[in-house]
Each structure stands twice: as structure tokens, then as C-alpha cells.
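So the structure is just underneath, and the comments pick up after that.
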Amino acid sequence: MTDYREINRLNWNDRTAVHAKSAFYNVEAFVAGEGSLPELDLTELGSVAGRSMLHLQCHFGMDTLSWARMGARVTGVDISDEAIALAESLNERLGLDARFLRSDLYDAAEALQGEQFDIVYTSYGVLCWLPDLTRWAELIGASLKPGGTFYMAELHPHAFIYEAADGGLHIQYPYFDNEAKRYESATTYTGDEDKLNHPVTYQWQHTLGDIVSALAGAGLTLEFVHEFPYTVYEMFPGLMLRDEKGRWRLKQNGNMPLLFSVKATKR
1 MTDYREINRL
11 NWNDRTAVHA
21 KSAFYNVEAF
31 VAGEGSLPEL
41 DLTELGSVAG
51 RSMLHLQCHF
61 GMDTLSWARM
71 GARVTGVDIS
81 DEAIALAESL
91 NERLGLDARF
101 LRSDLYDAAE
111 ALQGEQFDIV
121 YTSYGVLCWL
131 PDLTRWAELI
141 GASLKPGGTF
151 YMAELHPHAF
161 IYEAADGGLH
171 IQYPYFDNEA
181 KRYESATTYT
191 GDEDKLNHPV
201 TYQWQHTLGD
211 IVSALAGAGL
221 TLEFVHEFPY
231 TVYEMFPGLM
241 LRDEKGRWRL
251 KQNGNMPLLF
261 SVKATKR
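Here's what the structure looks like:
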């Protein structure tokens with residue numbers, strides 16, 4: 001039986017080493033005081049000062065630490081031990097008091113030992129690594145205090161059916177598909193040329209209906225679902241333009257959904 005989690009963990013360990021020195025993340029600018037959070041997240045989630053926050057699939061913690069800079073008491077969780085080690089190093093370097101836990105998402109409830117938070121947050125390229133959204137949503141529900149808020153900004157599932165080739169977008173993958181897909185890429189998404197020792201990953205497609213239904217099924221009340229014709233990185237190289245706010249839009253088909261956000265409350 002294929003150990004999807006371990007294969008993906010090793011891949012993300014490799015990516016962390018590349019991302020730590022990549023201009024895509026620009027860690028030194030972040031350490032110097034530059035924020036990492038998109039305007040969308042800041043606007044839609046609002047003030048986090050004095051509130052407890054759980055950041056799921058936090059990678060090496062730049063966004064986690066950005067929330068900490070804004071006054072949140074934040075805990076970040078990620079599958080990659082290398083990512084968590086880097087997050088802890090940055091936390092110490094910045095003199096912040098964020099907490100980081102190395103755990104697969106499906107084991108996070110045990111790692112958190114029943115702790116509940118005012119906010120659960122996750123964002124940008126997270127759901128494709130999860131085979132089971134029901135368990136994901138149940139973790140969110142269990143981790144929120146009554147009246148607590150879940151917020152996610154994520155790449156739109158419609159965008160994942162396309163590949164960029166021959167100067168255009170072409171439908172390559174089915175929208176309705178719950179089987180694991182095997183991918184192999186020698187490099188990561190940052191544009192760096194460093195080769196990954198573990199190039200294989202397994203990912204899953206989830207429809208927008210799957211996502212919101214899982215959250216509703218876990219007892220959360222949806223406040224909104226918003227969709228946007230832009231994303232936070234050059235998802236389709238050569239086919240996109242960056243606008244004045246740093247958002248990436250398609251040169252053609254400029255109204256295609258590329259991003260969505262969800263806000264929900266635990267009643």
C-alpha cells in the first residue's frame with residue numbers, strides 16, 4: 001500500500017530547503033519586517049489581536065508569524081519536520097511566541113490534546129494534499145471554540161483541471177475525481193532550479209461543493225463563499241500578468257475563477 005503521507009512529507013522536506021533561500025518567499029525581507037499575508041486574508045478575516053489561532057498546514061510559518069506580529073496567540077501545524085524546524089528558528093530569531101507542532105493533519109487532534117481556538121486558519125495550496133475532507137472539517141470543528149471563526153483562502157478547484165501548453169490553457173484533468181493522482185516534478189513551484197531528491201507527490205481533487213459540504217457537515221455555519229479571477233502566484237507561467245496589487249490574472253479568459261475564500265462560524 002502506498003504511504004501517501006510519507007511520500008509527501010519527504011517532498012515537502014526537500015521543498016523547504018529550496019524555499020528557505022528562494023526569492024519567492026524572500027525570508028530576509030520578512031525578517032526585516034515585510035509582511036507575508038495577502039490583502040485578501042487581512043481584509044476578510046479582520047483583526048486577530050489578542051485572539052488564539054490555529055494555522056493548519058503552515059509550511060515554514062511565515063504567515064503564522066505574520067499573524068503573531070499582529071497580536072494573535074498562534075499555533076502552526078505542518079507535516080514537514082524540516083518546515084517546522086525552520087519555523088521555530090524564525091520564531092526565535094524574531095523574538096515571537098508562536099508555537100509550532102510537527103504533525104500530519106489527520107493526527108493533529110492528538111497533538112493538540114483537545115485545545116480549542118478562537119480562529120482556525122488555512123490557505124493557498126492546502127486541500128490538494130488531503131484525501132479526506134470530512135476528517136479535515138471535523139478537525140476544524142473540534143478545534144474551534146463555540147462562536148469561533150474558520151477562514152480559508154484557497155486556489156479554486158476549477159483551475160486544477162487545466163495545464164498550460166502551447167501558449168494556452170488546455171483541459172487535462174477531470175473536475176469530478178476523488179482518486180489519488182501521482183505527480184513527479186524535479187523542481188518546486190517557486191521557479192528555482194534546485195532539484196528535489198524526492199520529486200514524487202500524491203494529490204487529490206476536491207470540488208467546491210465537496211469543500212463547503214464538508215464544513216457544513218462538521219457543524220459550521222457558512223458566513224460567505226467568495227470567488228475571484230486572480231491568484232497569489234503565477235499559476236500558469238507565461239499566460240498571466242501581475243496587477244498593481246501583486247495579484248496574478250490570466251491575459252485571456254480574465255474572468256475564470258482562480259481563487260476562493262470561505263468564512264464559517266462554529267455555533
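For what it's worth, full-length UniProt numbering labels the leading residue of the sequence shown as 1, then goes sequentially.
Glycine included, C-beta positions come from ideal geometry on N, C-alpha and C.
Out of the options, which one is the CA nearest neighbour of residue i?
i: LEU239; options: SER89, THR207 and TYR162; result: TYR162
i: PRO257; options: ALA159, THR149 and ALA142; result: ALA159
i: GLN205; options: LEU196, PRO174 and GLU138; result: PRO174
i: VAL212; options: ALA111, LEU241, GLU234 and SER261; result: SER261
i: ALA72; options: SER89, LEU56 and SER52; result: SER52
i: PHE224; options: GLY141, PRO199 and THR149; result: THR149
i: ASP81; options: GLU92, ARG99 and PHE60; result: PHE60
i: LEU144; options: LEU54, ALA20, HIS226 and LEU155; result: LEU54
i: SER123; options: MET70, GLU154 and LYS245; result: GLU154
i: ALA98; options: SER89, LEU105, ASP104 and TYR106; result: SER89
Could you check whether residue j and residue i sit closer than 8 Å to each other, using their CB atoms as the reference points?
i: THR207; j: TYR183; result: no
i: ALA87; j: CYS128; result: no
i: THR188; j: LEU196; result: yes
i: VAL18; j: LEU94; result: no
i: LEU139; j: ALA180; result: no
i: ARG249; j: LEU241; result: yes
i: TYR151; j: LEU40; result: no
i: VAL48; j: ILE119; result: yes
With residue i and residue j assumed to form a contact (beta carbons below 8 Å), what rounded beta-carbon distance in angstroms separates them?
i: ASP78; j: LEU37; result: Rounded, the Cβ-Cβ distance is 17 Å, inconsistent with contact.
i: ALA68; j: VAL74; result: 5 Å
i: GLY254; j: PRO229; result: 6 Å
i: LYS266; j: LEU220; result: 6 Å
i: TYR4; j: PRO157; result: Going by Cβ atoms, the distance from TYR4 to PRO157 rounds to 19 Å, so no, they are not a contact pair.
Specify the secondary structure class of residue i as computed by DSSP and reduced to three states.
i: LEU241; result: strand
i: TRP248; result: strand
i: GLY147; result: strand
i: SER123; result: strand
i: GLY209; result: helix
i: TYR183; result: strand
Taking residue i as part of the alpha helix (DSSP H), name the residues at either end of that continuous run.
i: ASP81; result: 81-94
i: VAL31; result: 27-31
Could you please give the first and the last residue of the uninterrupted beta strand (DSSP E) stretch that includes residue i?
i: ILE161; result: Careful: ILE161 lies outside any beta strand (DSSP E) and carries neither H nor E.
Would you check whether the ligand COA has a heavy atom nearer than 7 Å to the C-beta of residue i?
i: MET62; result: Absence of the ligand COA from the depicted structure is noted, as is the absence of any ligand whatsoever, leaving it without description.
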